[in-house]
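The UniProt record's numbering applies: residue 1 is where the sequence shown begins, and numbers increase by one. The beta carbon of each residue, even a glycine, is placed where N, CA and C say it ideally should be.
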Amino acid sequence: MSMTPRARAREETMSRIVELGRKQLDAGGPEALNLRAIARDLGIVSSGIYRYVPDRAHLLTMLIIDAFEALDGAVAQGVGAATGTRAKFVSLVAAMRMWALKFPQRWALIYGTPIIGYEAPASETTGAGTKVSRRLAVLLTETSVKELEPRSSQLSQDLAAASDELDVELPADVMEKALEAWIQIIGVINAEVFGYLGKDTLNDYHEFHARMVARLADELGL
């Protein structure tokens, strides 16, 4: 069923709001988000923006979803160009890193320090937020890892729940290693993007990153 002109106009306005919010975010981070400025750029009265976006928190949620979707798009492109499971894993991580370096404020919004006073609604952000991690899980469905030590029933339940959330059936040992790998991937990218090690510690982050990813691939049985 085709959209009505009014619905189409609203959709276009919402898309434009995200675009303008994205520009504000890139320029100055979450602190730079300003609904009234977006209204001015749209050519509407400042109060009119609230017919589309109730408040700043809603705009943050929209931008979080947008960032997750954009990251997944970049990862999909990288993985799609690779051949073989190991190469796809390396490409997945490389695409994440390159996107984060290109869009540090967007990366910070989804994987950086939580914003005080704001909590992303899981019902709205989880779908987009788990797309890349699901791609990783899918890559691991045909691999095996070294048997791990026995775990508690609670951790076993947690791993099963994580597998269910990703809608990918993985053995507990593989799921645990996948979570370890995911945490390390996010951590090493954050260290580079946010300068955790200082500017003079690593002069060749690219090689450091590549060596770490290669070891992760080995540990994951790729």
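Asked	Found
Inter-residue Cα distance where the pair is Asp-164 and Leu-220	20 Å
Assumed close pair Ile-49, Leu-33 - CB separation to whole angstroms, cut-off 8 Å	About 12 Å; that fails the 8 Å criterion.
Identity of the residue in Thr-201, Gly-21, Ala-210 nearest Asp-66 by Cα	Gly-21
Within 8 Å, strictly: CB atoms of Met-96 and Val-132	yes
For Ile-44 and Val-168, the rounded distance between their alpha carbons	45 Å
Where Asp-72 falls, given that 16 or more other Cβ within 10 Å makes a residue buried	buried
Assumed close pair Ala-27, Ile-64 - CB separation to whole angstroms, cut-off 8 Å	Rounded, the Cβ-Cβ distance is 17 Å, inconsistent with contact.
Cut-off 8 Å between Cβ atoms - residues of its own chain near Trp-182, not counting five sequence neighbours on either side	Ser-133, Leu-136
Cβ-Cβ distance between Thr-125 and Thr-61 below 8 Å	yes
Gly-117 classed as buried or exposed, judged by whether at least 16 other C-beta atoms fall within 10 angstroms	exposed
Assigned secondary structure, Ser-144 (DSSP; H/G/I helix, E/B strand, else coil)	coil
Cβ-Cβ distance between Val-188 and Val-90 below 8 Å	no
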